[in-house]
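Residue numbers (this note's numbering), protein chains in the order written: chain Z, 1 to 209; chain H, 1001 to 1209; chain E, 2001 to 2355; chain P, 3001 to 3355.
See below:
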């Protein structure tokens, strides 16, 4: 590191050096006919209902044979290693729901990135109000192309019937991110939400400096 | 007010101009034999017991004929005008208790100063932890010589029996501030607690800048 | 305070305006006129620029401020505004806030001197919020926005320097609160389903106002799950129903609740308005009489007891439903915030004028 | 953030060190690297002087800090310390605090990104408190003392700049809290009847430490009247027994209580120690199961219900008695302060070293 006086003519930068490694997402599945799919719920209200509905549809309509449901102890921090080990070993892919707040979106993405880095394709679910945050997190963790499936925000104060409707509406996205070729997905998802952040952040919630 | 640039060589002072008027305290009583004394309680715990005990002692041992007890609605802010009017009209002097916290000490002093300015001598009671504050307030209100009677701090968590003992121990101070010539009292009380603030402020509570 | 001239409130300090930044800050810190953070040295030039933010006679006093009863002139407010880092256009907000704080019912004397951890919370309404970029969204009670941060900070410096609220001296706060550094936000009128606070208090929508409330630091109200307004209101009432704060202890004053936009949406979806929320809180927020007796409260006469057993009924926190001071602010998220007050104080709303 | 170099964390900004104070502040504010208050421009000279406060390799990283996972090097900490107004001797406290915050169990990622109004509260123990003049008396949670104010502020700048907690972006706090400006104090060991916090956590009395707790802003606990410890403890328990905060919502984490010296005296007079207070709170602070179910909490398995009716028992706030984090601070006055936590976080204590 150079001596400080070499650059005495500039102010120093308080911002910390960020991760610049960029990794690929996991290879996707050729088909959903046959494999076991994991469902990882993070305790957020309605996550169980959302995932259960998705699992039922996948079995009934798309040929998935078995779904395995696991539930984190809480929405924050990360899922325990043993739970991720089990999911990685027994499942061909994992659906991971959901992030609809700052802390839970962050850790939901964290779990998704961990699984992808272990070679397990995921459909990681964020509410549309938090997907910009989620994508920032994915970039920080070195997986800018992580495909993130979105559901409408908020999710916590809607009745079960509405949650099931949202699960049905979400299926197309889930199929797409689990079975589309990885390179195609990456180019599709990299910076997707960052660029469109106005769509997902209600402007009256953000005040300009 | 001069234009600012006349003093462009000095930093400006953020401190507000303070009151510089200085008034005298009320004339004191020649004797306690005969007159009616007012007791003004500010709802702080044990203030009633303290004043009741003082009143009983004054009647039993010092010739006071009647005491009138009044109680503020709360310890903050000032006593209502009507209550002070009544006390000023019907009493030769008022004992006003007590300040043992920031807000109540301030308003207790305020009531004492108001009565003194109307010509009613008072014995205004502060706990020894708050008498420095109380004297600062008296100065700010233009009555630097206000005699302040002290009781040990804290007053709120001691049993009634202890409060009565403190009332007995306080009587000598009360007699002195109600019957000593005003000029003598003023020279005795002006800056009395300010100068001795170390005695009354527990050093471990105050950190140096 | 080492300088008698400083302590007496003269116009100038015995400190050269030419001092460098570190020297000036050290001297001002030792005089006890800062908040412990670096201040901008109040040179006459900077104060003159600040005064351009408002068309008022700089010598005019808005009144005295306790406990020291210092004169709150426009110029003294401007000196403190410079130190806090305010831009000139914020001065009008400070002037309105001082006009509010010197009203008798605000009880500034008690608020400044008390052992209680209280500070004025400023809530800005009307077009000034957007014009001055006062944050009403994400993190509006926290750091990040110059207007919120420096206006709130200037209020504290005014309370110390003009009013005499020096910690351990004129300000006897046992612990104080971090909210004494700065506590200023705007109502998020765009995200609110209801009339804004200043309109409910009789001002036109296009008038800007500042409301000053003698607040504790905000208490979190977390409700991530209720699907109806009743569930949210139940949590509001529960969150303020403890005997720890002054409203419970004294049975009066106002309790402010800053309703997050998502909670507001859930409540409004059920057709509930501001008056309904106030009535719900008045009817359901309170403490058992036995708990209140245990902390020495005995003034139950004015309060209608409710619910629970006849032997140990609940008693409310305030004297009437309107004493719940409600407004909407915040970003996305299922949170609201409760601000119990000093208790012996009423909030005051004043218009912000630049003349 | 308008500058890519700034965003990537390079050593220098594209801003001349010769900018005057106002220009530098405007540029830094527009970059989004301040808290909205004026900062001291981080010139290389000032950063070099700051680094003299500690004998550590300035390039050493203490780890990464989420949500942006920026590298917390000693130099980056020093740059933020300069901006906050710290003196060089405070740097060792910041380094220890960062070492605490990067521990996994603190869950900084969640704390920084959450919608919840949480901030790290720093409590300093040992000789450093007096050496650095960290206030532990009157107004110790408020403004006025340079050490408290600037150390707490530097922590927030570190969380924004190194960790990426920019409001509305990496930090999604719905409202945030004024405690995010600064929240640092020392335990008042002289006024405490009990062992200080760091000694109870296994450090020698003459070792200095900093304890970091993921706090809400403090909630007032007012008790002016109880003549015995039981009365004070009853108020403590009641003050934290609401479903509004995250400990109730999640049933875990720690709840900090800062006991005022007068309350401590009353409690200790009855022969009660720290463990007694913790056990009392564990046995008596809680919420009815019906209230918890209403806000969606369902993880009751680990918690022993107590009191009330069998049909609707009370359930505690935390998992064990030791999860009540107790220390003594404050000036004269009958107040204590409760700090519910983020819940999904454990407090961490680290020694303060200058090597």
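By construction, the Cβ of each residue, glycine as well, lies at the ideal position given by its N, Cα and C atoms.
- Item | is_contact[residue 3112/P, chain E] using C-beta, thresh 8 Å | Look at residue 3112/P: its C-beta is not under 8 Å from any C-beta on chain E.
- Tell me where the alpha helix (DSSP H) around residue 2280/E begins and ends. Residue range 2274-2284 is occupied by the alpha helix (DSSP H) that includes residue 2280/E.
- Message: For residue 2148/E and residue 2181/E, what's the separation of their Cα atoms in angstroms?
- Response: Residue 2148/E and residue 2181/E have their C-alpha atoms some 11 Å from each other.
- Item | Secondary structure of residue 3138/P, DSSP reduced to three states | If DSSP states are grouped into helix, strand and coil, residue 3138/P belongs with coil.
- Starting from residue 2161/E, follow the alpha helix (DSSP H) in both directions and report where the run begins and ends. For residue 2161/E, the uninterrupted alpha helix (DSSP H) segment begins and ends at 2146-2161.
- Message: If distances are taken between C-alpha atoms only, which option among 3068/P, 3314/P, 3092/P, 3083/P comes closest to residue 3056/P?
- Response: The residue with the shortest Cα to Cα distance from residue 3056/P is 3092/P.
- Task: Taking only the alpha-carbon atoms, compute the straight-line gap between residue 2083/E and residue 2042/E and give it to the nearest angstrom.
- Result: Answer to the nearest angstrom: the Cα atoms are 6 Å apart.
- How close, in whole Å, do the beta carbons of residue 2327/E and residue 2212/E come, if the pair is a contact with beta carbons under 8 Å? Between residue 2212/E and residue 2327/E the Cβ distance is about 13 Å, and since that is not below 8 Å, they are no contact.
- Task: Give the secondary structure of residue 3110/P by DSSP, where H, G and I count as helix, E and B as strand, and everything else as coil.
- Result: When secondary structure is reduced to three states using DSSP, residue 3110/P falls in the helix class.
- Task: Name the one or two DSSP bridge partners that residue 2016/E has.
- Result: DSSP, once it has assigned bridges, lists 1010/H as partnering residue 2016/E.
- Smallest Cα separation from residue 3013/P: which of 3066/P, 3051/P, 3076/P? The shortest Cα separation from residue 3013/P among 3066/P, 3051/P, 3076/P belongs to 3076/P.
- For residue 2150/E, which residues from the same chain have a beta carbon less than 6 Å from its beta carbon, with the 5 sequence-adjacent residues on both sides left out? So the list reads 2084, 2085, 2086, once near-sequence residues are dropped.
- Using DSSP with H/G/I as helix, E/B as strand and the rest coil, what is residue 3123/P? The answer is strand: DSSP assigns residue 3123/P an E or B state.
- Item | residue 3305/P to residue 3314/P span [Cα, whole Å] | Taking the CA atoms as reference points, residue 3305/P sits about 5 Å from residue 3314/P.
- In chain order, what residues of the same chain have a beta carbon less than 6 Å from the beta carbon of residue 294/Z, not counting five sequence neighbours either side? Coverage of chain Z is limited to positions 1 through 209, which leaves residue 294/Z absent and any answer about it impossible.
- Query: So which residues on chain H does residue 2009/E lean against when the C-beta distance must stay under 7 Å?
  - Reply: Those within 7 Å of residue 2009/E in chain H are 1013, 1015, 1016, 1017, 1018.
- Check residue 66/Z in the structure and name its three-state DSSP category. Residue 66/Z falls in the strand class under three-state DSSP.
- Item | Neighbour flag for residue 3093/P against chain E, beta carbons, 8 Å | Taking a beta-carbon distance threshold of 8 Å, residue 3093/P does not count as an interface residue toward chain E.
- Item | Beta bridge counterpart(s) of residue 2184/E as assigned by DSSP | Answer by DSSP bridge pairing, in chain order: 2122/E.
- In whole angstroms, what is the alpha-carbon distance linking residue 2001/E and residue 1141/H? Low confidence applies here, because residue 2001/E scores a pLDDT of 39, under 50, leaving its location unreliable; read the following figure in that light. Spanning the two alpha carbons is a distance of roughly 20 Å.
- Item | Whole-Å CB distance - residue 3332/P paired with residue 3161/P, under 8 Å assumed | Not a contact, Cβ separation roughly 39 Å.
- Using a beta-carbon distance below 8 Å, is residue 2191/E in contact with chain Z? Judged by the 8 Å Cβ criterion, residue 2191/E is in contact with chain Z.
- Query: Around the C-beta of residue 116/Z, are 16 or more other C-beta atoms found within 10 angstroms, so that it is buried, or is it exposed?
  - Reply: By the beta-carbon neighbour count (other beta carbons within 10 angstroms, threshold 16), residue 116/Z is buried.
- For residue 1042/H versus residue 1156/H, is the C-beta distance shorter than 8 Å? By the CB criterion at 8 Å, residue 1042/H and residue 1156/H fall outside the cutoff.
- Item | Selection from 3232/P, 3261/P, 3285/P, 3340/P that minimises the alpha carbon distance to residue 2295/E | Of the candidates 3232/P, 3261/P, 3285/P, 3340/P, the one whose C-alpha sits nearest the C-alpha of residue 2295/E is 3232/P.
- Task: Would you mind sorting residue 89/Z into buried or exposed? The rule is 16 or more other CB atoms within 10 Å of its CB.
- Result: Exposed, since its Cβ has fewer than 16 Cβ neighbours within 10 Å.
- Message: Looking at residue 64/Z: is its Cβ nearer than 8 Å to the Cβ of residue 37/Z?
- Response: Residue 64/Z places its beta carbon less than 8 Å from that of residue 37/Z.
- Task: Give me the Cβ distance between residue 1051/H and residue 1069/H, rounded to the nearest whole Å; I'm assuming they're in contact under 8 Å.
- Result: About 7 Å; that satisfies the 8 Å criterion.
- Item | Proximal residues of chain Z, C-beta to C-beta of residue 2266/E below 8 Å | By Cβ distance, chain Z contributes 157.
- Item | Presumed contact (8 Å Cβ cut-off) between residue 2193/E and residue 2279/E, rounded CB distance | That pair is no contact at about 17 Å.
- Task: Alpha carbon to alpha carbon, how far is residue 3047/P from residue 2154/E? Give it in angstroms, no decimals.
- Result: Residue 2154/E and residue 3047/P have their C-alpha atoms some 28 Å from each other.
- Message: Just to confirm, is the Cβ distance from residue 1026/H to residue 1182/H under 8 Å?
- Response: Pairing residue 1026/H with residue 1182/H gives a Cβ-Cβ distance under 8 Å.
- Name, in chain order, the residues that DSSP records as bridge partners for residue 2258/E. Assignment of beta-bridge partners to residue 2258/E by DSSP yields 2327/E, 2337/E.
- Verify whether the separation of the beta carbon atoms of residue 2109/E and residue 2067/E is less than 8 Å. Taking 8 Å as the Cβ cut-off, residue 2109/E and residue 2067/E qualify as a contacting pair.
- Task: Report the option in 2344/E, 2259/E, 2351/E, 2354/E whose CA atom is closest to the CA atom of residue 1079/H.
- Result: It is 2344/E.
- Task: Work out the CA separation of residue 3208/P and residue 3100/P for me, nearest whole Å.
- Result: Roughly 14 Å separates the two Cα atoms.
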